[in-house]
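The structure under discussion appears below in the form of C-alpha cells.
Residue numbers (my numbering), protein chains in the order written: chain A, 1 to 79; chain B, 1001 to 1228; chain C, 2001 to 2775.
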C-alpha cells in the first residue's frame, strides 16, 4: 500500500491547468504553493500496480514539466 | 687538513651549543608568562536557558511517529507524584541500590527511548545536570502505609482550560523551577499524551506560552491605582 | 492542544506531505502552502475571520481576528502573511483582549475646577477648536503643537501633518518615534540619503550568520527570532548575540558576547579595522559605490535647553579612513570594551568571509544611544566595506518597535523637519506638499521647530501653550520625566489627550477624548520591511469613542479648513490614503493602491508595476536603479553610499564613585511599551505583574539582596524603590542594573537622563549612572 509524495513543476502559466488535471485523478491529492509555481502531489494507492498506473497517467499530462519524487512509504498490510 | 676540518666543525658545534644553552637558560630565568584570557563570562539564567535545551532534537521530535500502545497519560503522570509539583518516585525496580543515580539513571532518562524491560518509553529528565538523582527520587518498595495520612493532594491543573481565547496558546499552569526545559516533558514518545506539544519545532516556547502563577495569590486584572 | 493522529496511514501521508514541503522550501526559500497550514488551525465554529496587521510591535505580523456577534473573540496567525507565516507571540494571540478592559474610556472628559466632567463629543471638539484658535491668536502659531506616535495609523498622521503644517502653519508636529526610531532615520539618511531598510524579512531565509547588536530579539521581536531559530534547525545558521546584558536571546544564541556600555562604537570600528587589515574589503564594490566622509566630533549631549547641532560632513579618502582606524585595533579595543580581541576577530571573520551571507539586526540598543547615528553608520560601514548589502541574505536590518513607526512617522513624516515627501527646509518639497494639500505654499514654515525633548522643554518654559497628545503615553516614557510632568501641569497650559484608557498622561489632560483603537476603525500600518498593511473596521468602538483621524478632521473643520478637510465620514480613510499616495508617486517610493492592500497581507513599497520591491538599490530587483550598474544608491546625488569615519566618544554620564552602577531600561516579552494595553490583558498581567530591578548575582550577593527585596535606585534626577530580580529573566553584567519601563507605578523614567544623540535628537535610555541600595 504505497504512499508517495512528489514535487510537480508545471509548464509556464499552466499551474491551474495542472492542478485541475491532477485533482481529477483518483488516489491523488494536490497541494499547490501560494507564491511559487510548484505543487505537492501525494499518491495513496492500494497496490504497486495501481501506483505504477497512476504515475504513468500523471506523466502523460501535457501541462506537467517535471515530476520529482520526494519520499515513498509502504504501510504494513494489517492497518 | 681533514682533521682540521673535523676539529673546526666540532668547535663550531660546541660554540653553538653553548650559545643555545645560555639563551634557553636565560629565558628560563624570566618570569613565567601565562596568557590571561579575559573570559567573557556569560551567566546562565536557569529559567531562560531551559527553554532552548534539547532544541537540537526539535525536528526529530516533529517527525517522530506516535506509538499509541505505549503512551503515558496525564493520570499516570500525576499518580506517580505525591502532589502536583513533587518529584516523581521511581516506579520500577532499581538494580544498583548503592549508586546515587547518575549515569545509571541517565542511561535511559537523559535522552529517553524504549526500554523493553519495562515495556515503556523512558521519560526524559528536564535536569540531567543534577546527578544525585536519588536525593529527590526514591523507589517505592511497598504499597502499604505505616499509618494513614490526612494529607490532601491539591487539585492538579487540567488540560484544555488554560487558554484565554478560543485557539489562543495555553498558559503554563505550573511552576518551572527545575522544569525549565519544556521539551523534556512535552515532546517525544514518553510525553503524557494530553500534554504532548503538536509543534515541537517551534522552540522559543515562551514566546507564546507564559507562566500564569508568578505570584501565588490571585492578583486579578490590572486596574489603575488613581492615588499615584 | 493535543490531537491524536489516530490513523497510521494518515500519519504517513502527513509525513509524505511534510517531506515534500521541506524539499520545496530548500528549493524556494519563503514558499507558502497556506491551504495545508490552515488545515492544522483550530476551526472556530461560525467565527468570521478577518485579516489585520497585529496592533503591537513593528514586526507587523499578519493576524486573523475572529469576530462573533460584534465582538472580537479570538486571534490566530495569518498563514498567508509572509511576515509571520501563521505564528504570533503571546501578545498577538491575546491582542483583542486589550479592547475590553473594564476602565475603557467611553465619553469625553473635560476638567472643570479640578474634576473631570463628562461631556458630549461635539462639545469637547468645539472646546478644543476654540482653545486652539484662541492660543494662536494670543501667542502665535508656534504655541500650539501635536504629539503623536508610531501607533498612529497612516491616515491619523497624515491629517495631523496636513492640519498643523499645511493649514495652521507650524512645524510643531512630533511623534514618540523620536524616542525610538529617529536615530534609524538619521542613520539611513546620512549613509544612503533615503530612509528605511534596503532588504526585507526574506533575507532571513538566505543569510548564514545573524549578528544581533544590542537586540534582545527573543523577547522583543519574538516572531522574527523564531524565524531565525527555524533556519538554524533547518540550515544550521549561526546566531551571535552582541549585548551588554545576558538575556533569553543570549541563551538561545550560538555565541554571546558582552561589551561595556557605549563601547559598541569602538568594537564596530575594530571590526572595520580587521576587515581592512585582513584584506577582506570588497574593493570593486567600494570603489564603484562608496564615498568616505567624516563629520564633527565632540558634539555634546543636548542636556541644556535650546541645544543646537548640525553636522558638517567633509569628504575624506580611503587612506585617511584607514589611518583613523589604527586607533581601533582589536587589541586596543579589547582594553576599553571588555570584548576579547579574539571575539572581535571572530565577528570580523564572519563579516569578512565572502562565502557567508550576514544579516545584522538592531533596534533600541544602537538607536537609544547618545551617539546613535554614528552607531547606525558604523554598522552600515561594515556591510558597505564587504559589499554585503542589498542582496538576498546580506542585509543590515534596522528593526522597529511600533506598528507604524515606519508607515506613519517616517513615511508620512510626522516629525518637525519632515513632510510626506521630503523636508520643510527644501522649497521644492514645500511647494509639492502645498499643491496636494491645497494650501498656499507660504503656510508651511521653512524652519523646523522643536524635536520631542525640546518640545516638552518648551511646554515647561511656556513657549508652547497647547499640546494635543494622541496614542501615546509620554508621562511614562519621557526621560527625566519629573521635569516634564511638572512642566505640563503648570498654569496656562492646555493639554488634550486622546487615548483608550486612563494613563499617567490623561492625568495631566484638560480634555480627554475616547479613541477607537485598531480594528474598531479602518486604517493602515507600515512595518519595518516597508510593508504597508490595511485593516477594516471589524467591531464598533465603545460609547462615544471615535478614531484619531476623525477627531482631527472634525477639529480642522471647526477651525475653518473645510476646503482641505473635504472628506466624507463613510469613505474618509480611502480618500485620505489616495491623497497621501500622490506624495510618493514615482519608482522610488510608490505605495500600493488600496484595492491591493485589501486583498493581500500588505505590499512593500516601492510598489512598481504591480510588484513589491524586495531589495532596494539592487538593479536586479529595484526598478528605480538607473545607472546601469549592479547597485545604485540613488538616495545620494552621485549614486554612492557613504562610509563614515565615526570615533568612539563616552556616554553623557558614566558611573563614578558616587553613582557606581550603569542603569539600562527596556522591555519584556509580555508587555508592550507602557503596558496601558497589555497590562489589561489578564494572561499577560499575571505572567508579569510589576516592574523590577535586575541585578548581577555577584552584586546582589555582596549587597545581600535577594529576589523580591526592596532596592532603592538613586540618580542625580531622583530615586525610586523597586523589588529586586536576581537570576530571573535576564542577568546584567557586574555593576550594571536593568529596569523595564512598563510599570506606571514604578516610573523608572523619573530618574533616567535626557541626554540625546545630537544628530537624531533621540534620548539615550540605556545609559546613566545610578546608586543601588538595599532598603
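Yeah, the Cβ is synthetic: ideal placement off N, Cα and C, and Gly gets one too.
Please read these numbers as outputs of a predicted model, since none were measured by experiment.
Legend entry - Proximity test, Cβ basis, 9 Å: residue 2592 (chain C) and chain A: no
Inset, instruction - Count the C-beta pairs between the segment 2220 to 2239 of chain C and the segment 2199 to 2209 of chain C that are closer than 8 Å, then say yes if the count reaches three, no if not. - result: Because the criterion of three Cβ pairs below 8 Å is met, the segment 2220 to 2239 of chain C and the segment 2199 to 2209 of chain C touch.
Legend entry - Separation of residue 2197 (chain C) from residue 2628 (chain C), as counted between CA atoms: 22 Å
Legend entry - With 16 other Cβ atoms within 10 Å as the buried cut-off, status of residue 1095 (chain B): Taking every protein chain shown into account, the CB of residue 1095 (chain B) has fewer than 16 other CB atoms within 10 angstroms, so this residue is exposed.
Legend entry - Within chain A, partners of residue 2332 (chain C) - CB distance below 8 Å: Going along chain A, no residue has its Cβ under 8 Å from residue 2332 (chain C), so there is no contact; the nearest lies around 49 Å.
Inset, instruction - With a 10 Å radius around its C-beta and 16 neighbouring C-beta atoms as the bar for buried, classify residue 1020 (chain B) as buried or exposed. - result: Answer is exposed; the Cβ neighbour count stays below 16.
Inset, instruction - Determine which residues of the segment 2093 to 2108 of chain C have a Cβ less than 9 Å from any Cβ of chain B, and write them out in chain order. - result: 2093, 2094, 2096, 2097, 2101, 2102, 2103
Inset, instruction - At 8 Å on the CB atoms, spell out the chain B contacts of residue 2730 (chain C), in chain order. - result: 1045, 1048
Legend entry - With 16 other Cβ atoms within 10 Å as the buried cut-off, status of residue 1006 (chain B): exposed
Legend entry - Alpha-carbon spacing of residue 2580 (chain C) relative to residue 2195 (chain C), whole angstroms: Straight-line spacing of the CA atoms in residue 2580 (chain C) and residue 2195 (chain C) works out to 18 Å.
Inset, instruction - Using three-state DSSP, classify residue 2118 (chain C) as helix, strand or coil. - result: strand
Inset, instruction - Look at residue 2260 (chain C) and residue 2733 (chain C) and say whether their C-beta atoms are less than 9 Å apart. - result: yes
Legend entry - Residues of the segment 2015 to 2032 of chain C whose Cβ lies closer than 9 Å to any Cβ of chain A, in chain order: Residues are counted here when their Cβ sits less than 9 Å from a Cβ of chain A; for the segment 2015 to 2032 of chain C these are 2015, 2016, 2017, 2018, 2019, 2020, 2021, 2022, 2023, 2024, 2027, 2028, 2030, 2031, 2032, given in chain order.
Legend entry - Contact under 9 Å by Cβ, residue 2051 (chain C) with residue 2078 (chain C): yes
Inset, instruction - Check residue 2048 (chain C) in the structure and name its three-state DSSP category. - result: strand
Legend entry - Cutoff 9 Å: residue 2251 (chain C) Cβ touching any chain B Cβ: It does; some Cβ of chain B falls within 9 Å.
Inset, instruction - Apply the 10 Å Cβ neighbour rule to residue 1022 (chain B) and answer buried if 16 or more other Cβ atoms are within range, or exposed otherwise. - result: Counting Cβ neighbours within 10 Å, residue 1022 (chain B) comes out exposed, since fewer than 16 surround it.
Inset, instruction - Write down every uninterrupted run of the alpha helix (DSSP H) in the segment 1065 to 1128 of chain B whose length is 4 residues or greater and which is fully enclosed by it, in chain order. - result: You should have 1074 to 1079, 1102 to 1109.
Inset, instruction - Reducing DSSP to helix, strand and coil, say where residue 2749 (chain C) ends up. - result: helix
Legend entry - Assigned exposure category for residue 1184 (chain B) - 16 Cβ within 10 Å defines buried: buried
Inset, instruction - Determine whether the Cβ of residue 1178 (chain B) lies closer than 9 Å to any Cβ atom of chain C. - result: no
Inset, instruction - Can you grab the Cα-Cα spacing for the pair residue 2159 (chain C) / residue 2546 (chain C), in whole Å? - result: 15 Å
Legend entry - Outcome for residue 1202 (chain B) when other beta-carbon atoms lying within 10 angstroms are tallied against a minimum of 16: buried
Legend entry - Whether residue 2513 (chain C) touches residue 2124 (chain C) by CB criterion (9 Å): Taking 9 Å as the Cβ cut-off, residue 2513 (chain C) and residue 2124 (chain C) qualify as a contacting pair.
Legend entry - Sequence-distant residues of the same chain with beta carbon closer than 6 Å to residue 2094 (chain C), five excluded per side: Around residue 2094 (chain C): 2681, 2683.
Legend entry - Nearest candidate by alpha-carbon position, reference residue 2089 (chain C), set B:1223, B:1224, B:1207: B:1207
Inset, instruction - Determine the closest residue to residue 2048 (chain C) out of C:2074, C:2406, C:2589, C:2024, with distance taken between C-alpha atoms. - result: C:2074
Legend entry - Within 7 Å of chain C by C-beta, residues of the segment 27 to 58 of chain A in sequence order: Residues 31, 33, 34, 35, 36, 38, 40, 42, 44.
Inset, instruction - Count the CB pairs spanning the segment 2370 to 2378 of chain C and the segment 2640 to 2657 of chain C that are closer than 8 Å, and state whether there are at least three. - result: With the cut-off at 8 Å, the segment 2370 to 2378 of chain C and the segment 2640 to 2657 of chain C touch.
Inset, instruction - Using a Cβ-Cβ cut-off of less than 8 Å, give me the residues of the segment 2239 to 2264 of chain C that come near chain B, in sequence order. - result: Listed by position along the chain: 2246, 2247, 2248, 2250, 2251, 2252, 2256, 2257, 2258.
Inset, instruction - Give the single residue among B:1054, B:1162, B:1119 whose Cα lies nearest to the Cα of residue 1068 (chain B). - result: B:1119
Legend entry - Sequence-distant residues of the same chain with beta carbon closer than 6 Å to residue 1101 (chain B), five excluded per side: 1133, 1134
Legend entry - Three-state secondary structure assigned by DSSP to residue 2074 (chain C): Residue 2074 (chain C): strand per DSSP, three-state reduction.
Inset, instruction - Determine, using beta-carbon pairs with one atom in the segment 2148 to 2166 of chain C and one in the segment 2400 to 2418 of chain C, whether at least three such pairs fall under 8 Å. - result: yes
Inset, instruction - Classify residue 2040 (chain C) as buried or exposed, calling it buried when 16 or more other Cβ atoms lie within 10 Å of its own Cβ. - result: With a pLDDT of only 48 at residue 2040 (chain C), under 50, the local geometry of the prediction cannot be trusted, and the value read off the model is given with reservation. Residue 2040 (chain C) is exposed by the Cβ-count criterion.
Legend entry - Closest residue to residue 1200 (chain B) among B:1167, B:1162, B:1080, B:1051 (Cα-Cα distance): B:1051
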